[in-house]
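In what follows, a single structure is set out as structure tokens and then discussed.
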Amino acid sequence: MAVVVGYTDRPESEAALRRGVDEARLRQLPLHVAQLVTEIDSESPQRAKQWASRLQESRRRGAALEADLRAQGVDCHFQVLSDPPTPAGSGLLRLARELGAELIVIGIRRRSPVGKLVLGSVSQDVVLGAACAVLAVKAAEEG
């Protein structure tokens with residue numbers, strides 16, 4: 166059992182991470198934070214180099230985040246999911262299944278009236294495909 170958080174560098178994702186930490190503590194479960202770095206589907210050496218650089222940076226930042234949360238007493242595990250291009254939320258769903266996750270926490274963006282008709286692609290994939298509860302968190306409004 167675990168709490169799984171889908172993570173990016175966006176404000177809604179930071180809000181999801183904070184809530185995931187709270188939920189993991191409340192449930193006394195390990196926290197697994199996953200960031201997807203999609204492989205660039207290109208044969209260009211320059212693009213491959215950019216992807217490798219992004220992957221390395223994500224791993225470095227993830228290790229720092231994991232160390233920080235562990236110092237706060239959270240049983241945290243950070244993973245970079247570097248799958249080839251697949252449906253947006255499939256890597257997160259696969260991780261949640263493998264861990265027997267009790268909860269997946271994702272960040273969602275505030276949307277315009279038209280955008281409120283549907284969730285973003287990752288959010289929608291996760292909500293519809295998860296075998297466990299999904300908590301969708303919005304970032305606090307600015308100013």
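Just so we're on the same page, the numbering used here is the position in the sequence shown counted from 1, plus 165.
Heads up, the beta-carbon is just placed ideally off N, CA and C, and yes, glycines get one too.
Remember, it's a predicted structure, so these values are computed and weren't measured experimentally.
(request) Measure the CB-CB distance between Ser288 and Ile269 and report whether it falls below 8 Å. (result) no
(request) Going by CA-CA distance only, name the one from Glu267, Gly256, Leu201 and Ser255 that's closest to Leu191. (result) Glu267
(request) Can you have a look at Ser218 and say buried or exposed, based on whether 16 or more other CB atoms are within 10 angstroms of its CB? (result) exposed
(request) Determine the direct distance from the alpha carbon of Ile271 to that of Val299, and round the result to whole angstroms. (result) 7 Å
(request) With DSSP as the reference, label Gln193 as helix, strand or coil. (result) coil
(request) Work out the CA separation of Val202 and Arg175 for me, nearest whole Å. (result) 14 Å
(request) Whole angstroms is fine: what's the gap from Leu260's alpha carbon to Gly294's? (result) 12 Å
(message) Distance check for Leu246 and Glu222, CA to CA, integer angstroms please.
(response) 13 Å
(request) Starting from the Cα of Val170, find the closest Cα among Gln244, Ala229 and Asp290 and give me that residue. (result) Gln244
(message) Taking a contact to mean a Cβ-Cβ separation below 8 Å, would you say Ala199 touches Leu257 in this structure?
(response) yes
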